[in-house]
Ligand code: URA
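See below:
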């Protein structure tokens, strides 16, 4: 008579398949680490002696899929040798760009942000360069990294619907970017150092784009650009006056800016769409009011 226990034991191949499925379920869907490793350089014995810590599973996307499981903490950000020097280099490079295309090239050629090492593509911007609205999100996710364009995944699709609800479209009215230009590994939040290094490019981006109205999508974007500590729940729906330090120096007019719930958050918490709808209407009204002022 066949042994019941034998029949229930999975084969090695099945066990491997189950282990893999479990990892994918937990968000470990990419074999990528924070630090690139040239394995051709390593002798097998040396690898064993160096006791390389086991590769950590990339965590589930916080922005797209809600908080990560406790068992999979985000990989730590790469520490830059000297953030101050790197920020100065970024500022110099950003200031020398006189057009959006030149700025795109400057960002793509900049190697001072550690995120670039693990990303597939630089994600600069998408949408209408002449659009009156500029939206700034947090960081590219997996799909954005693959395509090299911001907001093309699930939250991007919701963002397009939100714009359409107030009669705007990405192709003619809105220009979209993020506070960092490369995907953080495992979709963790960008660190303060990574954000600081990208900031001169982001500020120059706003100066060159000259939008009528700015929208900061989600807490990290709003807090970074407004230098505020409050969360998005307190910041959303309020108008702020935004100016970069160079705009202040040049005496340029401030740009009206409103923080809005991030579409990825709205996908997870649809009840908050009511507030988001109110904010979208306020953005539409502001655009109309500014157009009216200009016409009169
Ligand atoms: N979330 C963001 O903040 N930016 C993107 O580009 C995509 C998702």
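Numbering (the working numbering), first residue to last: 1281 to 1576. Glycine is no exception: its CB is placed at the ideal position from the N, C-alpha and C atoms.
- For the alpha helix (DSSP H) assignment, the uninterrupted runs of no fewer than 4 residues enclosed by the region 1465 to 1529 are, from N- to C-terminal side, 1472 to 1489, 1499 to 1506, 1512 to 1515.
- By the neighbour-count criterion, in which a residue is buried when 16 or more other Cβ atoms sit within 10 angstroms of its Cβ, residue 1519 is exposed.
- Judged by their CB atoms, residue 1491 and residue 1414 are nearer to each other than the 8 angstroms cut-off.
- In this structure, the beta-carbon distance from residue 1488 to residue 1383 falls below 8 angstroms.
- Non-local C-beta neighbours of residue 1482 in its own chain, meaning closer than 7 angstroms and more than five positions away in sequence, comprise 1459, ordered along the chain.
- In the DSSP annotation of this structure, the continuous segment of the alpha helix (DSSP H) that includes residue 1563 starts and ends at 1553 to 1575.
- Residue 1399 sits away from residue 1484, with the two beta carbons spaced by 8 angstroms or more.
- When DSSP reads this structure, residue 1458 sits in a beta bridge with 1417.
- At least one heavy atom of ligand 1 is found less than 7 angstroms from the C-beta of residue 1418.
- In the displayed model, residue 1293 falls within a helix according to three-state DSSP.
- Secondary structure at residue 1442: helix, using DSSP grouped into helix, strand and coil.
- The beta carbon of residue 1502 is closer than 8 angstroms to those of 1496, 1508, 1512, 1515, 1516, 1539 in its chain, skipping five residues each way along the sequence.
- Around the beta carbon of residue 1568, fewer than 16 other beta carbons sit within 10 angstroms, so the residue counts as exposed.
- Counting the other Cβ atoms within 10 Å of the Cβ of residue 1561 gives fewer than 16, which makes it exposed.
- Between residue 1455 and residue 1417 a beta carbon distance of about 12 angstroms is seen, past the 8 angstroms cut, so the two are scored as non-contacting.
- When C-alpha distances from residue 1522 are compared across 1299, 1429, 1537, the shortest belongs to 1537.
- Residue 1542 holds the alpha-carbon nearest to the alpha-carbon of residue 1431 among 1573, 1364, 1542.
- In the displayed model, residue 1540 falls within a strand according to three-state DSSP.
- Residue 1428 is positioned such that its CB atom lies closer than 8 angstroms to that of residue 1403.
- With a cut-off of 7 angstroms, the C-beta of residue 1424 is classified as near ligand 1, since at least one heavy atom of the ligand falls inside that distance.
- Beta-bridge partners of residue 1407 (DSSP): 1455.
- The beta carbon of residue 1552 is closer than 8 angstroms to those of 1541, 1545, 1546 in its chain, skipping five residues each way along the sequence.
- Per DSSP, residue 1376 is one residue of the alpha helix (DSSP H) stretching across 1363 to 1376.
- With contacts defined as CB atoms closer than 8 angstroms, residue 1405 and residue 1451 fail to qualify as a contacting pair.
- Look at residue 1458: its beta carbon is less than 7 angstroms from one of the heavy atoms in ligand 1.
- No residue range can be given for residue 1432, since it is assigned to no alpha helix (DSSP H) and is classified by DSSP as neither H nor E.
- Residue environment for residue 1572: exposed (fewer than 16 other C-beta atoms within 10 angstroms of its C-beta).
- If the five residues before and after residue 1440 are omitted, its C-beta is found closer than 7 angstroms to the C-beta atoms of 1450, all from its own chain and listed in chain order.
- Residues of the same chain with a CB within less than 7 angstroms of the CB of residue 1371, apart from the 5 flanking positions on each side, are 1480 in chain order.
- Beyond the five residues adjoining it in sequence on each side, residue 1566 comes within less than 7 angstroms, by CB distance, of 1493, 1536 in the same chain, given in chain order.
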